[in-house]
């Protein structure tokens with residue numbers, strides 16, 4: 001009897017490992033961007049720049065959106081040098097502040113479609129993070145993060161949806177964060193904006209599914225971008241210690257995973273085991289991309305909850321230790 005149980009256990013573990021490997025490392029492309037128009041916000045640096053390069057290498061006509069014209073020109077030169085079909089591919093830059101309001105964003109994207117063709121894939125990478133405790137967050141910083149991270153993304157999506165629905169085809173990618181899956185000390189405003197992006201992604205996915213429009217939600221960890229370097233300057237020590245447990249990942253890695261997952265029709269796009277654990281644990285009523293994903297969520301949600309409790313206990317210890325250190329420093333002054 002024990003031998004039978006042992007064999008069953010081994011088979012169960014083997015199947016689990018295969019499913020995890022398939023979910024993490026195997027994506028079957030079901031769409032292509034070759035010859036199609038890809039628009040990327042935040043395309044002058046970081047993840048957006050990396051996605052733009054991937055799109056150009058895959059034969060797409062690419063429009064990159066940001067505010068800094070010089071940076072946009074530099075990235076366009078990169079796109080021209082790596083394009084799959086250099087003689088036929090077109091690349092455009094658009095200096096635009098996506099927080100300027102829906103009418104401004106809609107007109108700009110409509111004008112781009114007039115010169116570059118219908119938008120097939122919209123990748124929302126524009127975003128920012130300013131770390132501070134809730135009590136220290138200024139109204140201006142809160143508004144800036146909500147306007148850029150959420151409202152800007154909302155307006156870009158709203159602008160392209162009607163034509164995508166008419167074509168009954170398209171891909172929309174939203175860049176959120178692992179901070180949309182748990183609250184983190186020092187990220188009150190940032191987490192709120194990224195939780196909102198997740199809610200938007202799930203809603204848009206439900207609305208557009210009948211029209212053959214795929215929606216992918218990227219949930220990257222700390223990523224080594226120019227914006228991250230600026231964020232580090234004002235980040236509370238507690239936030240640094242909590243976030244530092246996983247380190248910063250290359251934007252190229254995030255972009256590659258995001259691009260592959262979007263073309264494979266996956267809803268969640270994550271990088272690394274932490275991202276896989278968090279999206280599995282916090283999947284809730286999010287879209288199911290595959291049977292393998294569903295099975296893994298059912299099997300692993302319980303065990304991952306135990307792991308998450310250990311993480312939370314560790315975070316609590318960090319916060320208490322920092323508070324104790326501050327109290328001691330005050331007494332010694």
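In my numbering, the protein residues as written are 1 to 333. Glycine is no exception: its CB is placed at the ideal position from the N, C-alpha and C atoms.
* Asked: Grouping DSSP H, G and I as helix and E and B as strand, with all else coil, what is residue 7?
  -> Low confidence applies to residue 7: its pLDDT is 49, below 50, so where it sits in the model is not reliable, and the reading given next is rough at best. Of the three classes helix, strand and coil, the one that applies to residue 7 here is helix, per DSSP.
* Could you tell me the boundaries of the beta strand (DSSP E) in which residue 187 lies? => That residue, residue 187, is in no beta strand (DSSP E); it is neither H nor E in DSSP.
* Asked: Since residue 218 is in the beta strand (DSSP E), which residue starts that stretch and which ends it?
  -> 213–218
* Asked: Under three-state DSSP, which class holds residue 170?
  -> strand
* Asked: Which word fits residue 7, buried or exposed, when buried means at least 16 other C-beta atoms lie within 10 angstroms of its C-beta?
  -> Because the pLDDT at residue 7 is just 49, under 50, the model does not fix this residue reliably, and the point stays unresolved.
* **Per-residue DSSP class, three states only, for residue 150** => helix
* With residue 94 and residue 65 assumed to form a contact (beta carbons below 8 angstroms), what rounded beta-carbon distance in angstroms separates them? -> With a Cβ gap of about 5 angstroms, residue 94 and residue 65 count as contacting.
* Please state whether DSSP places residue 115 in a helix, a strand or coil. => helix
* Asked: Among 323, 44, 132, 329, which has the Cα closest to the Cα of residue 124?
  -> 44
* **Cα-Cα separation between residue 327 and residue 131, rounded to whole angstroms** => 22 angstroms
* Between residue 51 and the rest of its own chain, which residues show a CB-CB distance below 7 angstroms, the 5 nearest in sequence each way excluded? -> 40, 123, 125, 255, 258, 259
* Assigned secondary structure, residue 38 (DSSP; H/G/I helix, E/B strand, else coil) -> strand
* Asked: How is residue 94 classed by DSSP in three states: helix, strand or coil?
  -> The answer is strand: DSSP assigns residue 94 an E or B state.
* Asked: Anyone know if the C-beta pair for residue 152 and residue 98 falls short of 7 angstroms?
  -> yes
* To do: Alpha carbon to alpha carbon, how far is residue 203 from residue 165? Give it in angstroms, no decimals.
  => 15 angstroms
* To do: Report yes if the C-beta distance between residue 149 and residue 114 is below 7 angstroms; otherwise report no.
  => no
* Asked: Would residue 184 pass as a contact of residue 241 if the rule is Cβ separation under 7 angstroms?
  -> no
* **alpha helix (DSSP H) runs wholly inside the stretch 246–326, at least 4 long, in chain order** => 251–263, 272–281
* Asked: Looking only at its own chain, which residues have a Cβ that is under 6 angstroms from the Cβ of residue 302, when we skip the five neighbours before and after it?
  -> none
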